[in-house]
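Chemist: In the order they appear, the protein sequences are chains A and B.
Position one of the first sequence corresponds to residue 5 (my numbering), numbered consecutively onward.
Position one of the second sequence corresponds to residue 224 (my numbering), numbered consecutively onward.
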Amino acid sequence: MARSLVEKLWERHRVADLGDGTDLLYIDRVLLHERTGSMALKGLKEQGRVVRHPDRAFVCMDHIVDTLPGRSDATLMPGGTAFIQETRAAAAEAGIRVFDIGDDRQGIVHVVSPEQGIALPGVTLVCPDSHTCTQGGLGALAWGIGSTEAAHALATQTLVVKRPKTMRVRFEGALPPGVGAKDMILHLIAAHGAGGGAGYAIEFAGSAVTALSVEARMTLCNMAVEFAAWTGLVAPDAKTIAWVKGRPFAPAGDLWDAAIADWQGLVSDADAFFDKEIRIDCADIAPTITWGTSPQHAVPLTGQVPDPDCTADANAAQAQRRALDYMGLAPGDSLIGLPIDGAFIGSCTNSRLSDLRAAASVLKGRKVAAGVRAICVPGSMQVKAAAEAEGLHLVFQAAGFEWRESGCSMCFFAGGEHFGKGQRVVTSTNRNFENRQGPGTRSHLASPVTVAASAIAGHIADPRPLLGET
Amino acid sequence: MEKFTRLTGVAAPLFRANIDTDAIIPSREMKRVSKEGLGEGMFADWRYSDVAARVENPDFVLNQDGFRQAPILLAGPNFGCGSSREHAVWALQDYGIRCVIAPSFGAIFQGNCVRNGILPLVLPEPSVAALARSDRPQVLTIDLAAQCVRGPDGTERPFTIAPADKEMLLEGLDAIGVTLKRLPVIQDFEGGYRARHPWLFF
């Protein structure tokens, strides 16, 4: 019988059928970070349980660590040091590797794991972090869980999981100039709602997805959770295999040959069934930006803020009114030209080398507008080093961007740094929720090139003229 | 884990769509590597007009007479979307919320509820909207075994729940303990799996 990629991966990991559509799945990799992973390790210890396979679990310090130069265990977030030190101690006791502060591999867990070859095509991978789906970009079945489930995965190397429905989203045709993976996923969420993927494992496919770089596929999968999907993934192909080859924890030698022979079969069969299919013509996708406080509040960059009175669904209209109030906007306002106070490039969504290269191509020879606080936080110390080897840091710094150490940083406000009340920020991150980037901070989600163009203009701006394309 | 069998209590309406876990427990309210005391930070940005000084916002439903001790929330679709932070569930639990009724839930949040003795109860949107419409506190009775919500007027609304989730809540099961009973099955699987996928093992 024809099977989808998700079904193939599911079946190879099924330890037992528990009935009622629930299976016990084998888990290949468990990743942890100091904010929620700390609780998983603490929970296990309190129960007197041990980690079954500490060699296949990894800790990244990313959520609470400072990203300022010269950082240490001290944090701007009150109490942050305890999270770092307790996680470090618990990981050491359990025998789990830590990519710690000062390690040249440290960074955001969903950037570090693929970069180190921990995530591989075909694996099951979990982390108590909602953006674990990012790693589906390699063809892994990767999903976010809570701390209690993480403890379960550590103690048993399995999880009890309800079989998701399957959805295929096909992006067909060539992407217009200036449009990238971030615009694709925002476009999808705007069209089908922030709840549109609920209950589904989504395979992103189609000619435009095939054409995306592996890093861009991770950006696409990253925001599957913002679509309420259980996870998202892209079938591995020759590009994926080339990307994975030679990474520190990836197989080598005979094992590599065996692995790629297996990975080549990791595709949906031609007549595989999906519970739902969505087809998007890429010619319809423009550079996209959010105006409100849900990722579904997204419009083409050249568009206007919608009018809640024209929204049929009463609950959605009410949410739009709240969002307008929070964002300090009125129906009909143009997004382009809105003055900004901050620009942020970073996060597990858009902080990889290709993102920094794209932003730098806009920033080169230009200056950030007066009054705009612009910050770039590379996704990992490896990304930072690679960017510096190309001189990208000089481009960012000459333009007036702060050039930081790696971490989740100002993607969210944990009590340390933030942009400030009422400040309008164009950001390459994934969540524009109320107060996410600081109490009262107004976040507009966009691609790295849109963030860069807006930083230069001092207001929300179209990156296309600066890319040499119109 | 605390069992969930039957609950009678006031239901507080918070009928907004896409209430995310950042709203339920803002990052800065997660101050220690601990579940304790999180209830104070629950919905902090909405519940307090001055968060630092903990000045109550009188407009927020849980600050209003009759709703303060509500053990049930009535919420809009996609409740608990966003961050996986289990602290959102621990905050609700610490405050005293035992059940959230919504048309749908964020998947990770829903799983976290079940593992902490909180019932994520799914009812169709019109039913939740009807229950949330009253401005006065109304008492609901939730019977998990019978899979039924009884309203103040005696109206009974059935609901569905995954059998495994129901059992976990009714019995207050320790999920890790249950799975560890299958350890021989897991070990047997692991042997074959390793032979088929040797490159995944260090």
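Every residue, glycine too, gets a C-beta built ideally from N, C-alpha and C.
(1) Tell me the residue span of the beta strand (DSSP E) that contains residue 281/A.
(2) Count the other C-beta atoms from every protein chain shown that fall within 10 angstroms of the C-beta of residue 431/B, then say buried if there are 16 or more, exposed otherwise.
(3) Nearest to residue 175/A by CA position, among 432/A, 304/A, 126/A and 207/A, is which residue?
(4) Here's a check: name, in chain order, each residue in its chain whose Cβ is nearer than 7 angstroms to the Cβ of residue 457/A, leaving out the five neighbours to either side.
(5) Spatial neighbours of residue 377/A within its chain, please: CB distance less than 6 angstroms, with the 5 preceding and 5 following residues excluded, ordered by chain position.
(6) Can you find at least 3 beta carbon pairs, one from the stretch 13-24 of chain A and one from the stretch 107-121 of chain A, that sit closer than 8 angstroms?
(7) Starting from residue 60/A, find everything on chain B with Cβ-Cβ shorter than 9 angstroms and list it in chain order.
(8) Would you list, in chain order, the members of the stretch 137-153 of chain A that have their beta-carbon closer than 9 angstroms to a beta-carbon of chain B?
(9) For the candidate residues 400/B, 394/B, 224/B and 342/B, whose alpha-carbon lies nearest to that of residue 297/B?
(10) May I ask you to report which of helix, strand or coil DSSP gives residue 109/A?
(11) If you reduce the DSSP assignment to three classes, tell me which class residue 324/A lands in.
(12) Determine, using beta carbons only, whether residue 216/A and residue 13/A come nearer to each other than 8 angstroms.
(13) Pick from 445/A, 413/A, 422/A and 440/A: whose alpha carbon is nearest that of residue 428/A?
(14) Roughly how many angstroms separate the alpha carbons of residue 405/B and residue 96/A, rounded to a whole number?
(15) Rounded to whole angstroms, what is the Cα-Cα separation between residue 439/A and residue 232/B?
(16) Quick check on DSSP: helix, strand or coil for residue 81/A?
(17) For residue 91/A, which of helix, strand or coil comes out of DSSP?
(18) Counting only beta-carbon separations shorter than 8 angstroms, does residue 440/A have a partner in chain B?
(19) Can you tell me which of 406/A, 459/A, 283/A and 392/A puts its alpha carbon nearest to the alpha carbon of residue 370/A?
(20) DSSP puts residue 330/A in a beta bridge; with which residues?
(21) CA-CA distance, residue 419/A and residue 67/A?
(22) Between the alpha carbons of residue 307/A and residue 338/A, how many angstroms are there, rounded?
(23) What do you reckon, are the CB atoms on residue 171/B and residue 368/B nearer than 8 angstroms?
(24) Just tell me which of 238/A, 292/A, 300/A and 111/A has its CA closest to the CA of residue 412/A.
(25) Of all the CB atoms in chain B, is at least one closer than 8 angstroms to the CB of residue 132/A?
(26) With DSSP run on the structure shown, which of helix, strand or coil describes residue 374/A?
(27) Residues in the stretch 246-258 of chain B with C-beta within 9 angstroms of chain A's C-beta atoms, listed in sequence order?
(28) When the Cα atoms are used, what is the spatial distance from residue 263/B to residue 253/A?
(29) Please tell me whether residue 264/B has its Cβ less than 8 angstroms away from any Cβ of chain A.
(30) Tell me, please, which residues DSSP counts as bridged to residue 171/A.
(31) Would you give the residue range spanned by the beta strand (DSSP E) that residue 446/A belongs to?
(32) For the beta strand (DSSP E) that residue 165/B lies in, which residues bound it at each end?
(33) Distance, Cα to Cα, residue 451/A vs residue 230/B?
Modeler: A quick look at the data gives this:
(1) Indexing the first sequence from 1 puts residue 281/A at position 277. 280-285 is the span of the beta strand (DSSP E), which, as asked, contains residue 281/A.
(2) With chain B represented from 224 up to 425, any question about residue 431/B goes unanswered, as that position is not in the structure.
(3) On the first sequence, position 171 is the one that residue 175/A refers to. Looking at the Cα atoms, 207/A is the closest of the given residues.
(4) For this step, residue 457/A is matched to residue 453 along the first sequence. Correct list, in chain order: 366, 465, 466, 467 and 470.
(5) Taking the first residue of the first sequence as position 1, residue 377/A is located at position 373. These residues qualify, in order along the chain: 346.
(6) no
(7) As a working note, residue 60/A is residue 56 in the first sequence. Within chain B, the residues near residue 60/A are 423, 424 and 425.
(8) 147, 148, 149, 150, 151, 152 and 153
(9) The sequence position of residue 297/B within the second sequence is 74, counting from 1. Nearest C-alpha to residue 297/B: 342/B.
(10) Residue numbering aside, residue 109/A sits at position 105 when the first sequence is read from its first letter. Here residue 109/A sits in coil by DSSP.
(11) Numbered from its first residue, the first sequence carries residue 324/A at position 320. If DSSP states are grouped into helix, strand and coil, residue 324/A belongs with the helices.
(12) The count along the first sequence starts at 1 and reaches residue 216/A at position 212. The count along the first sequence starts at 1 and reaches residue 13/A at position 9. Cβ atoms of residue 216/A and residue 13/A: not closer than 8 angstroms.
(13) Here residue 428/A corresponds to residue number 424 of the first sequence, with the count starting at 1. It is 445/A whose Cα lies nearest to the Cα of residue 428/A.
(14) To locate residue 405/B, count along the second sequence from 1; it is residue 182. To locate residue 96/A, count along the first sequence from 1; it is residue 92. Straight-line Cα distance between these residues: approximately 28 angstroms.
(15) Within the first sequence, the letter at position 435 stands for residue 439/A. Within the second sequence, the letter at position 9 stands for residue 232/B. Going from the Cα of residue 439/A to the Cα of residue 232/B covers about 31 angstroms.
(16) Reading the first sequence from its first residue, position 77 is the one you call residue 81/A. Reduced to three states, the DSSP call for residue 81/A is coil.
(17) Counting from 1 along the first sequence, the entry for residue 91/A is found at position 87. It is helical.
(18) The sequence position of residue 440/A within the first sequence is 436, counting from 1. It does; some Cβ of chain B falls within 8 angstroms.
(19) To locate residue 370/A, count along the first sequence from 1; it is residue 366. Looking at the Cα atoms, 459/A is the closest of the given residues.
(20) If you number the first sequence from 1, residue 330/A lands on position 326. Bridge partners of residue 330/A: none, in fact.
(21) For the purposes of this step, residue 419/A is identified with residue 415 of the first sequence, where counting begins at 1. For the purposes of this step, residue 67/A is identified with residue 63 of the first sequence, where counting begins at 1. So the alpha carbons of these two residues sit roughly 12 angstroms apart.
(22) Start at 1 with the first residue of the first sequence, and residue 307/A comes out as number 303. Start at 1 with the first residue of the first sequence, and residue 338/A comes out as number 334. One C-alpha to the other measures close to 6 angstroms.
(23) Here chain B covers residues 224 to 425 and nothing more, so residue 171/B does not appear.
(24) In the first sequence, the residue the question calls residue 412/A occupies position 408. It is 111/A.
(25) Here residue 132/A refers to the residue found at position 128 of the first sequence. It does: the Cβ of residue 132/A has a partner Cβ on chain B nearer than 8 angstroms.
(26) In the first sequence, counting from the first residue as 1, residue 374/A sits at position 370. Here residue 374/A sits in coil by DSSP.
(27) 246, 249, 250, 251, 252, 253, 254, 255, 256, 257 and 258
(28) Residue mapping note: residue 263/B aligns to position 40 of the second sequence, counting from 1. Residue mapping note: residue 253/A aligns to position 249 of the first sequence, counting from 1. Rounded to whole angstroms, residue 263/B to residue 253/A spans 43 angstroms at the Cα level.
(29) The sequence position of residue 264/B within the second sequence is 41, counting from 1. No - not a single Cβ of chain A is within 8 angstroms of the one on residue 264/B.
(30) As a first step, residue 171/A is located in the first sequence; it is residue number 167 there, counting from the start. DSSP, once it has assigned bridges, lists 206/A and 280/A as partnering residue 171/A.
(31) For the purposes of this step, residue 446/A is identified with residue 442 of the first sequence, where counting begins at 1. Element bounds for residue 446/A: 446-449.
(32) Shown here, chain B extends from 224 to 425; a query on residue 165/B therefore has no answer.
(33) Position 447 of the first sequence, counted from the first residue, corresponds to residue 451/A. Position 7 of the second sequence, counted from the first residue, corresponds to residue 230/B. Computed Cα separation, rounded: 47 angstroms.
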